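In what follows, a structure is listed as structure tokens, so that the remarks can point back to it.
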Amino acid sequence: MNIGNLDRRRVLGLGLVGVAAAMLSACGNNSGGGGTNNAGGGAGNNGARPRYQIGVIAKSSGNAVFQAARQGAVDAARDLGQQMGCDVEIIWKTPNNEDAQQQAQYIEQLASQGVDGIAISCTDANIVTPAIDNAVDQGVTVVTFDSDAAASRRMCYYGVDDYTAGRKVMELLAERMGGEGVVAVLAGNQAAPNLQARVRGVREEAGEHDGIQILDVYYHVETPSDAVARMQQVQTANPQITGWALVGGWPLYTDSALDGIHENAAIVSMDPLELPLNYMISGQVDALVGQPYYDWGYESVRLILNKVHHNENPAQELITVEPDVVASVEAAEALKGRWSRWLSGAGSGGGE
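Take a look at the structure:
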């Protein structure tokens, strides 16, 4: 496993190394709603330089994966603005908690104020697709990241292949379980298309192991407390469970979440954030499967700027990257350092 894969992809694709630090505080705080960041090299908006506005709509402002994406967008505005000779403003519009209707309203607001592009992680594709299509009709370039709206007229999607990520979670879990046992799947929001794809991947990978039985898929409100309560309830009611496949890391974003569970079951989860990494370092989680959190923001901004500044379309509509695997304590400790930089606003996904 190499936790630097994601960062080297960005460095190789853009020829950027040693990017200077940028403080996320310039965007405002991490609460929901609006926040802006102006970047691009300090020439000012005197008409000599093109100026672009890009809205970023994540699923929820409290989820650290989207804080990393926000930092990536801010860094891209600075780096690419300097490269391209333009000024780029990032407008952060994200609900405090997952709310697809609020996302649709943010799309409409951003389009009405004349932004050049929108990057969005879709909580419910069915709800946001009409708003995306209306924005495109108004000349806005839309990119999805993390969770797609495939039936919409967005320009492209950037992220992992969620089906592949789900298969990887189950593959690692089956390995830790010795190829046999009873598995429960923790799956968050039943309407989220990315989570649906991961669950499908888990199920199909489980079907490749004769000794593995999927007990059921368990959905819940995507907060740490709700996820922990769901796991504890299910494990208590079904003591035969010997493995948990978590297609999102929700319960691992709080302390003592796995008491009474990790002693009886192997656990593999998506999302190696700082707190989930602590669970792995302590031996309570067996492996973690990661996504390009920082690059969700960085690459989405790059794709939009390539379109609005250079009139360049992406080579493909689905831009997918392989999930990264954190399978050792050493790798977990190294990745914690990178998260500290992202969440402190120290910028640059590049690293060791």
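For what it's worth, the numbering used here labels the leading residue of the sequence shown as 37, then goes sequentially. Ideal Cβ placement from N, Cα and C applies to all residues, glycine included. In this text, all values refer to a predicted model and were calculated from it rather than measured experimentally.
Between the beta-carbon of residue i and the beta-carbon of residue j, is there less than 8 Å?
{"i": "residue 140", "j": "residue 161", "result": "no"}
{"i": "residue 362", "j": "residue 316", "result": "yes"}
{"i": "residue 234", "j": "residue 201", "result": "yes"}
{"i": "residue 336", "j": "residue 181", "result": "yes"}
{"i": "residue 245", "j": "residue 210", "result": "yes"}
{"i": "residue 297", "j": "residue 322", "result": "no"}
{"i": "residue 156", "j": "residue 143", "result": "yes"}
{"i": "residue 114", "j": "residue 92", "result": "no"}
{"i": "residue 191", "j": "residue 350", "result": "yes"}
{"i": "residue 89", "j": "residue 151", "result": "yes"}
{"i": "residue 254", "j": "residue 222", "result": "yes"}
{"i": "residue 371", "j": "residue 308", "result": "yes"}
{"i": "residue 165", "j": "residue 228", "result": "no"}
{"i": "residue 389", "j": "residue 116", "result": "Since the first residue of the chain shown is 37 and the last is 388, residue 389 is not available in this structure."}
{"i": "residue 174", "j": "residue 147", "result": "yes"}
Run through the DSSP bridge pairs and tell me what residue i is partnered with.
{"i": "residue 87", "result": "123"}
{"i": "residue 134", "result": "Answer by DSSP bridge pairing: none, since residue 134 is not bridged."}
{"i": "residue 254", "result": "222"}
{"i": "residue 216", "result": "247"}
{"i": "residue 360", "result": "326"}
{"i": "residue 95", "result": "Residue 95 pairs with nothing; no bridge assigned."}
{"i": "residue 179", "result": "155, 192"}
{"i": "residue 355", "result": "194"}
With a cut-off of 8 Å on the beta carbons, I'd call residue i and residue j a contact; round off their distance for me.
{"i": "residue 230", "j": "residue 183", "result": "4 Å"}
{"i": "residue 334", "j": "residue 109", "result": "7 Å"}
{"i": "residue 268", "j": "residue 219", "result": "Their Cβ separation, rounded to whole angstroms, is 17 Å, which puts residue 268 and residue 219 out of contact at 8 Å."}
{"i": "residue 153", "j": "residue 177", "result": "4 Å"}
{"i": "residue 122", "j": "residue 345", "result": "6 Å"}
{"i": "residue 238", "j": "residue 281", "result": "5 Å"}
{"i": "residue 355", "j": "residue 194", "result": "5 Å"}
Quick one: what's got a C-beta closer than 6 Å to residue i's C-beta in the same chain, skipping five residues either side?
{"i": "residue 327", "result": "196"}
{"i": "residue 258", "result": "134, 224, 225, 286"}
{"i": "residue 279", "result": "209, 213, 217, 219, 301, 302"}
{"i": "residue 79", "result": "Note on residue 79: pLDDT 39, under 50, position unreliable in the model; the coordinate value appears next. Same-chain partners within the cutoff: 85."}
{"i": "residue 170", "result": "none"}
{"i": "residue 242", "result": "206, 248, 250"}
{"i": "residue 102", "result": "94"}
{"i": "residue 368", "result": "313, 316, 317, 362"}
{"i": "residue 203", "result": "237, 241"}
{"i": "residue 348", "result": "342"}
{"i": "residue 332", "result": "105, 181, 182"}
{"i": "residue 270", "result": "220, 254"}
{"i": "residue 320", "result": "294, 298"}
{"i": "residue 215", "result": "245, 247"}
{"i": "residue 439", "result": "Nothing in the structure corresponds to residue 439, since the chain is present only between 37 and 388."}
{"i": "residue 353", "result": "192"}
{"i": "residue 100", "result": "309"}
Under 8 Å Cβ to Cβ from residue i, same chain only, skipping five residues before and after it: list those, please.
{"i": "residue 290", "result": "260, 261, 264, 311"}
{"i": "residue 163", "result": "136, 137, 139, 140"}
{"i": "residue 145", "result": "129"}
Identify, in the order they occur along the chain, each residue of the same chain with its Cβ nearer than 7 Å to the Cβ of residue i, setting aside the five sequence neighbours on each side.
{"i": "residue 112", "result": "333, 334, 337, 338"}
{"i": "residue 366", "result": "none"}
{"i": "residue 167", "result": "140, 143, 144"}
{"i": "residue 172", "result": "178, 189"}
{"i": "residue 256", "result": "224, 262, 263, 266"}
Worksheet item: What runs of the alpha helix (DSSP H), each 4 residues or longer, lie entirely inside the stretch 262-328?
Response: Complete alpha helix (DSSP H) runs here, min 4: 310-317.
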